[in-house]
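In my numbering, each residue's number is its place in the sequence shown (first place is 1) plus 26. Report on one structure; see the data block that follows.
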Amino acid sequence: MKKSQKEQETKKGSSFIRLSGLNFVINGKEINFFYLVFLGIVIYFIYHSSIKTIENIRLANNGKATRAIVTNKQKVGGKGTIDLTFKYQVNGIEYFNTQINEPYNLGDSIYVIYLESNPHISRTYRFIKNNYETDIIVPN
């Protein structure tokens, strides 16, 4: 079987990629386009869920505690999820963050844990204490 000139031009070393309808042919193996899209979506979600977990572990191990004020509390969606927005200061700069399903009320003073290297990353002390092992202690 003779290969077309276009196939011969796109061949580089031992790697060979071509498009055949809705399938990719990579090194002689045919892979469906929709499979690749699905795989990409799965990798995207695994990556983003891992990022939050890694941030939480970093907060539990290396976080600093500071006071914050609850600035907004609102119900979002149809399942009763509550968004809680709080503000806090680090080195004179004000930061805001949102967390879901925390039992605080508007105007409450709470403790949050933030990363000194990136103060935008923060969680409520209650969340970190309840879900991760930490040595961070805040006054009552």
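Glycine included, C-beta positions come from ideal geometry on N, C-alpha and C. Here the structure is a predicted model, which means the values were calculated and not measured.
Query                                                                                                                                                                   : Result
Where Gln112 and Lys55 are concerned, what is the direct C-alpha to C-alpha distance, given to the nearest angstrom?                                                    : In the sequence on display, residue 112 carries Phe and not Gln. Going from the Cα of Phe112 to the Cα of Lys55 covers about 52 Å.
Do Leu85 and Ile154 come within 7 Å of each other at the CB atom, strictly closer than that value?                                                                      : yes
So, Tyr158 versus Asn82, is the Cβ gap smaller than 7 Å?                                                                                                                : yes
Skipping 5 residues on each side, what residues in its chain have a beta carbon closer than 6 Å to that of Ser148?                                                      : Asn123, Val138, Tyr140
Please determine, among Ser76, Val51, Asn49, Thr92, the residue with the shortest C-alpha to C-alpha distance to Asn166.                                                : Thr92
Hey, could you find the ends of the alpha helix (DSSP H) Asn98 is sitting in?                                                                                           : Counting along the chain, Asn98 falls outside any alpha helix (DSSP H), though it belongs to the beta strand (DSSP E) covering 90 to 102.
If distances are taken between C-alpha atoms only, which option among Leu110, Gln115, Ile72, Ser143 comes closest to Pro129?                                            : Leu110
Could you check what DSSP says for Lys105 in three-state terms: helix, strand or coil?                                                                                  : coil
By DSSP, does Asn58 sit in helix, in strand, or in coil?                                                                                                                : strand
Between Ile126 and Asn53, what straight-line distance do the alpha-carbon atoms span, to the nearest angstrom?                                                          : 47 Å
Evaluate Tyr73 with the Cβ neighbour count: other Cβ atoms within 10 Å of its Cβ, from every protein chain shown; 16 or more gives buried, anything less gives exposed. : exposed
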